[in-house]
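This report refers to the structure that appears directly beneath it.
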Amino acid sequence: ALVFNSELSPIVSEEFIREKKQQYTAEEYDVKVRGLFSELSSKYLIGPKVIEACVGRSVIPDGAEYGWLLPVDVGGGGYRDSTVILALKVFGQGEYGPNARRAQLVRVPLCSNQQDPSDLHGVIMLEAGKLNQAHALIDAGGMGLIVCKQLEKNDFHAFDKVNWGNPNFAKEYRSRYSNQRAQAICGLSRAVEEGRFGIDEGIDLAIVKRLVREGSRIPYHYDDKARRYIAKKEDMKSEGIPSPDFWDSLAFAFLEGAHYNVAGDAVVQQVSSLAATRARLLEEMGMAA
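Residue numbering for the sequence shown follows our numbering, starting at 323 and increasing by one per position.
In structure tokens form, the structure reads like this:
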């Protein structure tokens, strides 16, 4: 077997190498830059301990212009897979760099395998109304498409449809991931490892345990184009792995194109912070505010 290491190539710049070290995970770097075969120590993306470390961690910087996302994974009802709605504070964009996406799980408005999909649009509208400028991300496959149509009929348009079996839009992501699902789940896992995902302490312990259980059992491999591929739910089921409804919902927040509107309270918080800083500086200078 021939191995071509880009680090040793005379036509590869040091700037390119630095850029790729920031862009890729260590494993991706070995495969895509150093020309090595993946040496998977585990068939799962991350382990339970790094997820448990997210509990109580606050990841949204003070004064940040964050927004609210409501990811919705639509189950079939009738005791099949669960329907999940999450309330997340998010900030930043992308997978790497100083402004990489951060997400804080603040609340779990719904987690049930008994939710009637025909009534779900009302639940989404109710929860969105509780938050400033909230934007929903809805799984548009199967029953989810009906939910989206019901929202539109009720003149609710603050949502995006998620069709994550499709390829990504950006060339970078298309070269690294087999589809949008792989990009979103790998983006979430990377955020967990890099301390960019947090879970509020008020989240129910049973929910946390489920998050740890699902997130630490996401099988993956590299396809023939050296792109990450996440196992399908059917394949996971054949291995005795339950449908990761909760983890999928969280991953929506890290999906390419998961944009958010700046929450009104975030703007007020930032203005108040700036006013307080100005008053303190004037006081130190012996001047009246």
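Every residue, glycine too, gets a C-beta built ideally from N, C-alpha and C. Fair warning: this is a prediction, and the values are worked out from it, not measured in the lab.
What is the DSSP secondary structure of residue i, counted as helix, strand or coil?
i	result
LEU324	coil
GLN426	strand
PHE481	strand
HIS543	strand
SER440	helix
TRP434	Correcting the residue type first, residue 434 is Ser in the shown sequence and not Trp. In this structure, SER434 counts as strand in the three-state DSSP scheme.
TRP569	helix
ALA386	coil
ASP395	strand
GLY579	coil
LYS452	coil
Compute the Euclidean distance between the alpha carbons of residue i and residue j, then round it to the nearest angstrom.
i	j	result
LEU572	ARG503	12 Å
VAL406	PHE568	6 Å
ARG424	TYR366	22 Å
PHE359	PHE481	40 Å
HIS581	ALA323	44 Å
GLY562	SER335	46 Å
SER497	ALA575	21 Å
GLU515	GLU349	13 Å
GLU387	VAL484	24 Å
LEU410	PRO566	18 Å
GLU475	ASP461	Per the sequence shown, the amino acid found at residue 475 is Lys instead of Glu. Those two C-alpha atoms are separated by around 18 Å.
LYS554	GLU337	37 Å
LEU391	VAL412	7 Å
Compare the C-alpha of residue i against each of the options and name the closest.
i	options	result
ALA506	ARG550, ILE339, ALA409	ARG550
CYS508	LEU358, ILE339, GLU578, GLY562	GLU578
PRO383	LEU330, GLY517, ASN435	GLY517
LEU408	VAL372, ASP441, ILE446	ILE446
ARG539	MET558, GLY385, TRP390	MET558
TYR542	TYR499, GLY464, GLN426	TYR499
ARG429	TRP486, VAL469, ILE529	ILE529
PRO564	PRO393, ALA548, ARG535, PHE326	ARG535
Is there a Cβ of chain D sitting closer than 8 Å to that of residue i, yes or no?
i	result
ILE373	Absent from the structure: chain D. Only one protein chain is present.
Around the C-beta of residue i, are 16 or more other C-beta atoms found within 10 angstroms, so that it is buried, or is it exposed?
i	result
ASN421	exposed
VAL396	buried
ASP438	exposed
ARG532	buried
PRO489	exposed
HIS443	buried
LYS343	exposed
VAL381	buried
GLN436	exposed
PRO332	exposed
When every heavy atom of the ligand ZN is checked, does at least one fall within less than 7 Å of the C-beta of residue i?
i	result
PHE491	Questions concerning the ligand ZN fall outside what the structure shown contains, since it holds no ligand whatsoever.
| Does the segment 372-379 come close enough to the segment 519-526 that 3 or more CB-CB pairs lie under 8 Å? | yes
| message | Does the segment 480-494 come into contact with the segment 449-468, if we say contact requires no fewer than three beta-carbon pairs (one atom in each stretch) closer than 8 Å? | response | yes
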